[in-house]
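With mature numbering (1 follows the signal peptide of the UniProt record, and there is no 0) applied, the sequence shown corresponds to residues -22 to -1, 1 to 254, in that order. The beta-carbon is built from N, C-alpha and C at its ideal position, and this holds for glycine as well. Because the structure is a prediction, the values reported are computed rather than measured. The next block holds one structure in the form of structure tokens; read it before the comments.
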Amino acid sequence: MKEITRRKFIATTTLATGFALAVQPISAQVISTDAKGLVAGAVKIPVKDGEIPAYRAAPATGDNFPIVLVIQEIFGVHEHIQDVARRFAQLGYLAIAPELFVRQGDVLKLSSIDEIRPIVAKVPDAQVLSDLDATVNWAVKSAKGNADKLGITGFCWGGRITWLYAVHNPKVKAGVAWYGRLVGDATELQPKYPVDIASKLTVPVLGLYGGKDTGIPLDTVEQMRDRLKSSSSKSEIIVYPDAPHAFFADYRPSYREKEAKEGWKRLLAWFKQNGV
């Protein structure tokens, strides 16, 4: 797929109105959160080189909302990520999920993960971190967000980004990383992994991982735990022994209700404890 030019992505890219093609069929256990009482839907975030689409959900009344950045999986900002944003909004948060792959391609319309991976591999970390800074700015200036109550959570690809953004932006009050890769081979576009920056972390991040995740070996989780000892962040990692990768993804067979619900409770308590 050709990379999308700035002019084209501003003009034509929109958010998904359902689930990504690559994750069909959708599981019967999928959770659907009502938008009643919310302002929810697509918005455009001004960034350095134009605009990117994002999904925003917030209470319909009030202001000065605590902000949560919701960072997508490899499948983009499809219905599951949008639903997670609505879950936060129903609890009083302003939740925003920016579409972070948009310049490189539209992963929502690709039918297999093998087609998606080459697109995602072209996404520079520096671009992602800059887009998230722009999203925070938009949340404060245009969506009644409170800059002093900023949290971030991300899933899989977004779990890795959660760790990285918590180092990049020390104004984040707390992060929760769901099964994001901790170790990897450095490239020009992705020069650092969480283990490389763990000692610099000042923001408290809670890592939620599965003991049966075949893509994230437990020895890498232990490596991260060890590196965190030299940080001032009071970060923690919890491993659910019987959980596979993507155990929070209720639209997929990997979903584990018990661990997902417990992880969500831990996330909310972590945010509350750390001022989000």
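Report buried or exposed for residue i, applying the criterion of at least 16 other Cβ atoms within 10 angstroms of its Cβ.
i           : result
R(-16)      : Because R(-16) carries a pLDDT of 42, less than 50, the predicted location of this residue cannot be relied on, and the following value inherits that uncertainty. Counting Cβ neighbours within 10 Å, R(-16) comes out exposed, since fewer than 16 surround it.
A247        : exposed
A176        : buried
Q60         : buried
E166        : exposed
A6          : exposed
P96         : exposed
Q84         : A small fix is needed here, since residue 84 is Asp in this sequence, not Gln. D84 should be labelled buried.
A(-1)       : buried
S120        : exposed
V131        : As written in the sequence, residue 131 is Thr, which differs from the Val given in the question. So T131 counts as buried.
E(-20)      : Caution applies to E(-20), whose pLDDT of 43 falls short of 50 and renders its modelled position unreliable; the model cannot decide the point.
residue 259 : The structure shown does not extend to residue 259, since the chain spans only -22 to 254, so no value can be given for it.
E57         : buried
S208        : exposed
S232        : buried
T192        : exposed
E51         : buried
Since residue i and residue j should fall inside the 8 Å C-beta cutoff, what is the C-beta to C-beta distance between them, to a whole number of angstroms?
i    : j    : result
A117 : I74  : 6 Å
G15  : P44  : Contact doesn't hold; Cβ gap of about 17 Å is too wide.
E235 : A221 : Wrong, their Cβ atoms sit about 11 Å apart, outside the cutoff.
S211 : V254 : In fact, because the Cβ distance is near 15 Å, the residues do not count as touching under 8 Å.
G158 : T140 : 6 Å
G189 : L196 : 7 Å
P148 : E77  : With 8 Å as the limit, P148 and E77 do not qualify as a contact, their Cβ atoms being about 25 Å apart.
K127 : D41  : About 12 Å; that fails the 8 Å criterion.
Starting from residue i and walking both ways along the alpha helix (DSSP H), at which residues does that stretch end?
i    : result
A224 : Neither: A224 is in no alpha helix (DSSP H) and is coded neither H nor E.
A20  : Taken as a continuous stretch (DSSP letters only), A20 belongs to no alpha helix (DSSP H), being part of the beta strand (DSSP E) at L16 to V25.
Y143 : W135 to H146
F79  : Element bounds for F79: n/a, residue is neither H nor E.
I59  : E57 to Q68
D204 : L196 to L206
D174 : P172 to I175
Across which residues does DSSP place residue i in a beta bridge pair?
i    : result
W116 : DSSP output for W116 lists no bridge partner at all.
L186 : W156 and I216
P231 : None; P231 has no bridge partner.
N252 : Paired residue(s): none; N252 is not in a bridge.
A104 : None; A104 has no bridge partner.
N124 : P44
G54  : E51
G132 : I49 and A155
L72  : I45
Quick one: give me the first and last residue of the beta strand (DSSP E) that residue i is part of.
i           : result
residue 274 : No answer is possible for residue 274: the residues shown for the chain start at -22 and end at 254.
R34         : G28 to P37
L88         : Unbroken run through L88: none, as it is neither H nor E.
When you compare the CB of residue i with every CB in chain D, is at least one pair closer than 8 Å?
i    : result
G123 : No chain D appears in this structure, which consists of one protein chain only.
Measuring only from the beta carbon, is residue i closer than 7 Å to any heavy atom that is part of the ligand ZN?
i    : result
L186 : The model depicted lacks the ligand ZN and carries no ligand whatsoever.
Answer yes if the segment 158 to 173 comes into contact with the segment 72 to 91, meaning at least three C-beta pairs across the two stretches below 8 Å, and no otherwise.
-> Not touching, per the Cβ criterion.
Looking at C-beta atoms only, is the number of pairs between the segment 211 to 219 and the segment 100 to 120 that lie closer than 8 Å three or more?
-> Contact fails: fewer than three Cβ-Cβ distances are below 8 Å.
Does the segment 60 to 72 come close enough to the segment 142 to 157 to have 3 or more Cβ pairs within less than 8 Å?
-> Segments in contact, no.
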